[in-house]
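Participant: Please find one structure pasted underneath; my questions will follow.
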Amino acid sequence: MEHILVLVGCLCSQQVPGQITSTAIFAFDKLQVFSVQPNDGFGTILPKESLEMRAFFSPSEVADCSCNLVCRSEIGGLFQLPCKAIALRSPVSLSTYCLRFPPTLLHDYTRMEFHIRNEESTRRKGDGTRVGQIVAFQFEQPKDAQEASCLVFSPPCGMLKPGETMEVSATYMPEDFWPTDEQSVQGKCEEKNVDEEQVIEDGDDSGRISFIEDQCSSKLSLDSGSGVAYDRQRLHAICNIGRLVETSPCGEAKFCKASTLVLECICICVKPFVEVVDKEPISVLDFGTLCSGSTSVKSLRLQNHSDFSVKVRNSPLDPFGPFTVLSCISTIQPRSSTEMRILCEAGAESRTFLESLDFLLTVEPSTAQEGLPFEGKTWSGMLRLPVHANCIVPR
Numbered sequence: 001m002e003h004i005l006v007l008v009g010c011l012c013s014q015q016v017p018g019q020i021t022s023t024a025i026f027a028f029d030k031l032q033v034f035s036v037q038p039n040d041g042f043g044t045i046l047p048k049e050s051l052e053m054r055a056f057f058s059p060s061e062v063a064d065c066s067c068n069l070v071c072r073s074e075i076g077g078l079f080q081l082p083c084k085a086i087a088l089r090s091p092v093s094l095s096t097y098c099l100r101f102p103p104t105l106l107h108d109y110t111r112m113e114f115h116i117r118n119e120e121s122t123r124r125k126g127d128g129t130r131v132g133q134i135v136a137f138q139f140e141q142p143k144d145a146q147e148a149s150c151l152v153f154s155p156p157c158g159m160l161k162p163g164e165t166m167e168v169s170a171t172y173m174p175e176d177f178w179p180t181d182e183q184s185v186q187g188k189c190e191e192k193n194v195d196e197e198q199v200i201e202d203g204d205d206s207g208r209i210s211f212i213e214d215q216c217s218s219k220l221s222l223d224s225g226s227g228v229a230y231d232r233q234r235l236h237a238i239c240n241i242g243r244l245v246e247t248s249p250c251g252e253a254k255f256c257k258a259s260t261l262v263l264e265c266i267c268i269c270v271k272p273f274v275e276v277v278d279k280e281p282i283s284v285l286d287f288g289t290l291c292s293g294s295t296s297v298k299s300l301r302l303q304n305h306s307d308f309s310v311k312v313r314n315s316p317l318d319p320f321g322p323f324t325v326l327s328c329i330s331t332i333q334p335r336s337s338t339e340m341r342i343l344c345e346a347g348a349e350s351r352t353f354l355e356s357l358d359f360l361l362t363v364e365p366s367t368a369q370e371g372l373p374f375e376g377k378t379w380s381g382m383l384r385l386p387v388h389a390n391c392i393v394p395r
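Each residue of the sequence shown is one higher than the one before, counting from 1 in the UniProt record's numbering.
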C-alpha cells in the first residue's frame with residue numbers, strides 16, 4: 001500500500017482487492033488506528049470471486065504510523081499487507097469522535113449532541129496582521145448505514161470563524177427491521193452453530209469458531225430467553241472541511257475541500273417487545289368512517305413478549321378531538337398482556353382525524369436483562385400508535 005498523509009481525526013480509505021480460488025471465510029486482525037470494512041474485516045468469499053475491502057486509517061494523535069494488515073482464512077491461510085501513514089493536526093476538531101446511542105425502538109428516535117470547533121486562533125502567533133481562516137463543514141449520510149436506518153445531523157452544514165464552537169445534534173431514527181421472523185433469525189444462528197460443530201469435528205480451528213460467534217452477534221442478536229431482538233450497527237459519518245478560497249463581489253464565499261473528519265456512531269435498533277394487538281398485531285388503529293353523533297369503542301391489548309416487567313404510560317390525546325382513552329395501563333408483567341379501551345365520538349363536522357397515541361415504555365434493571373443492550377440501566381423507549389377516524393355529517 002502506498003504512503004499516505006492524513007490529518008488527525010480524519011479518515012482515509014484505500015481499496016484492497018482480493019481474489020481466492022475456493023470458498024473461504026476470512027477475517028482481518030483488528031488494530032488501534034487501522035480498520036477494515038465492511039463487516040469489520042470479516043466475510044465469505046466464493047471461488048473466482050473478488051471482494052473490495054477498504055482499509056481505514058483514523059489517527060488520534062500526531063505520529064508516523066506503520067503496520068501490517070493481517071488477513072486470516074478458515075483454512076489457516078495468512079496474508080499480510082504493509083501500511084504506512086502520517087498523521088497531522090487538523091484545524092477543526094470534534095468534542096467526541098464516537099457517539100454511542102442508547103438502544104432505540106423501531107420508529108422511535110434518539111438524539112445526542114456534540115460540538116465542532118475551529119481550532120485556529122483569531123490572530124496567528126508571530127504575525128499580528130494575519131487572522132485565522134474561516135472554515136466550512138458539511139456532514140454526509142453514512143455510506144455504511146442500512147437502508148432502514150437514518151442518521152440526521154442538525155445543522156448539516158455551516159461556517160466556523162477562528163476560535164468558534166458550534167453545537168451539532170445527531171438523531172438516529174431506525175425505520176424498519178430487516179428480520180421479519182424471529183424464528184428465521186434463530187435458524188440462521190443455528191446454521192452457524194451447525195457449521196461450527198462441523199469444524200470442530202474436522203479439526204481444531206479456534207479462529208473459525210470465534211469468527212462465527214462474532215458474525216452472529218454483529219448482525220442480529222436474539223435472546224430467545226428474554227424475547228428481545230436487537231441489531232447493532234457501527235456507522236461512520238464523514239464531515240467534510242472546507243477552507244475559504246475567495247469571496248465574490250456579491251459576497252458569496254467559495255470553499256475548497258481541505259480535509260475530512262470521521263464521527264463513529266454506534267447504534268442499537270431494538271425490535272419492540274411490547275406489541276399492540278387487536279385480534280392480531282396492528283400498526284394503525286382505524287375507526288373507519290363514523291356519522292356525526294355516533295360513537296365507537298375499540299378494545300386493544302398490549303402484549304409483553306419479554307421476561308421482565310415493563311412500565312407503560314400513554315400520552316394524552318387532543319382534548320378537542322374525537323378520541324378518548326377510557327382505561328390506563330401502569331405495568332405489564334412478563335409474558336402477559338393487559339387491555340385498554342379507546343373511544344371515538346364523531347363531532348358535528350366532516351373531517352378526517354389522525355393522532356398519535358404514544359406509549360412510554362420504561363424498563364428497570366433486573367437479572368432478566370443479562371446479555372441485553374440495556375446494560376443494566378433504566379431504559380425508556382417510545383411506542384407510537386397512529387389513531388385514525390373519518391367523521392362525516394350526513395346530508
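For each residue, glycine too, the CB sits at the ideal point set by N, CA and C.
Does Thr110 come out as helix, strand or coil in the three-state DSSP assignment?
Facilitator: strand
Participant: With DSSP run on the structure shown, which of helix, strand or coil describes Val233?
Facilitator: Here residue 233 turns out to be Gln, not Val, going by the sequence shown. In this structure, Gln233 counts as strand in the three-state DSSP scheme.
Participant: What does Asp307 pair with, by DSSP beta-bridge criteria?
Facilitator: Partner(s): none; Asp307 has no beta bridge.
Participant: Compute the Euclidean distance between the alpha carbons of Gly9 and Phe359, then round it to the nearest angstrom.
Facilitator: Any answer about Gly9 is weak, because its pLDDT of 43 lies below 50 and its placement is not dependable; what the coordinates show is given next. Taking the straight line from one Cα to the other gives about 40 angstroms.
Participant: Within 10 angstroms of the Cβ of Ser294, are there 16 or more other Cβ atoms? Answer buried if so, exposed if not.
Facilitator: exposed
Participant: Just grab the DSSP bridge partners of Arg301 for me.
Facilitator: Val277, Glu339, per the DSSP bridge assignment.
Participant: Within 8 angstroms, do at least three Cβ pairs link the region 361–368 to the region 378–393?
Facilitator: yes
Participant: Which residue wins for smallest C-alpha separation from Cys256, given the options Val245, Glu264, Cys265, Ala229?
Facilitator: If we check each option's Cα against that of Cys256, Val245 comes out closest.
Participant: Taking only three categories from DSSP, how would you classify Gly376?
Facilitator: coil
Participant: Does the Cβ-Cβ distance between residue 402 and Gly227 come in under 9 angstroms?
Facilitator: In this structure the chain extends from 1 to 395, so residue 402 is not present and cannot be described.
Participant: Do the region 86–106 and the region 57–73 meet, that is, are 3 or more Cβ pairs less than 8 angstroms apart?
Facilitator: When Cβ pairs closer than 8 angstroms are counted between the two stretches, the region 86–106 is seen to touch the region 57–73, the count reaching three or more.
Participant: If you reduce the DSSP assignment to three classes, tell me which class Ile200 lands in.
Facilitator: With a pLDDT of 39 at Ile200, under the threshold of 50, the modelled position of this residue cannot be trusted; read the value that follows with caution. Residue state, collapsed to three classes: helix.
Participant: So, under 8 angstroms CB-CB, Pro142 and His236 are touching, yes? Tell me the CB distance rounded to an integer number of Å.
Facilitator: Between Pro142 and His236, the beta carbon gap of about 6 angstroms places them in contact (Cβ cut-off 8 angstroms).
Participant: At 3 residues or longer, what runs of the beta strand (DSSP E) sit wholly inside the region 38–95?
Facilitator: Listed in chain order, they are 42–45, 50–57, 63–73, 78–88, 92–94.
Participant: Determine whether the beta carbon atoms of Gln133 and Pro174 lie at a separation below 9 angstroms.
Facilitator: no
Participant: Can you list, in chain order, the residues of its chain with a C-beta nearer than 6 angstroms to that of Pro386? Leave out the 5 residues immediately preceding and following it.
Facilitator: Val284, Ser356
Participant: Taking the Cβ atom as the reference point for each residue, do Phe101 and Glu167 lie within a distance shorter than 9 angstroms?
Facilitator: no
Participant: Output needed for Arg234: all residues of its chain with C-beta closer than 7 angstroms, excluding positions within five of it in sequence on either side, in chain order.
Facilitator: Excluding residues within five positions, the ones whose Cβ falls inside 7 angstroms are Glu264, Ile266.
Participant: Look up Lys257 in the DSSP assignment and give the residues it is bridged to.
Facilitator: Gly242
Participant: Comparing alpha-carbon positions, which option in Lys48, Val92, Leu151 lies nearest Ile268?
Facilitator: Leu151
Participant: Cβ atoms of Val270 and Leu160: under 9 angstroms apart, would you say?
Facilitator: no
Participant: What residue from Thr165, Pro334, Leu94, Ser327 has the CA that sits closest to Arg341's CA?
Facilitator: It is Ser327 whose Cα lies nearest to the Cα of Arg341.
Participant: Can you give the Cα-Cα distance for Thr324 and Arg232, rounded to whole angstroms?
Facilitator: 38 angstroms
Participant: Using a Cβ-Cβ cutoff of less than 6 angstroms, which residues in the same chain neighbour Leu317 once the five nearest sequence positions on both sides are dropped?
Facilitator: Phe323, Glu355
Participant: Contact defined as beta carbons within less than 8 angstroms: I believe residue 403 pairs with Leu94. What is the distance between those atoms, to the nearest angstrom?
Facilitator: Look at the range of the chain in this structure, 1 to 395, and you will see that residue 403 is not part of it.
Participant: What would DSSP say about Gln138, mapped onto helix, strand or coil?
Facilitator: strand
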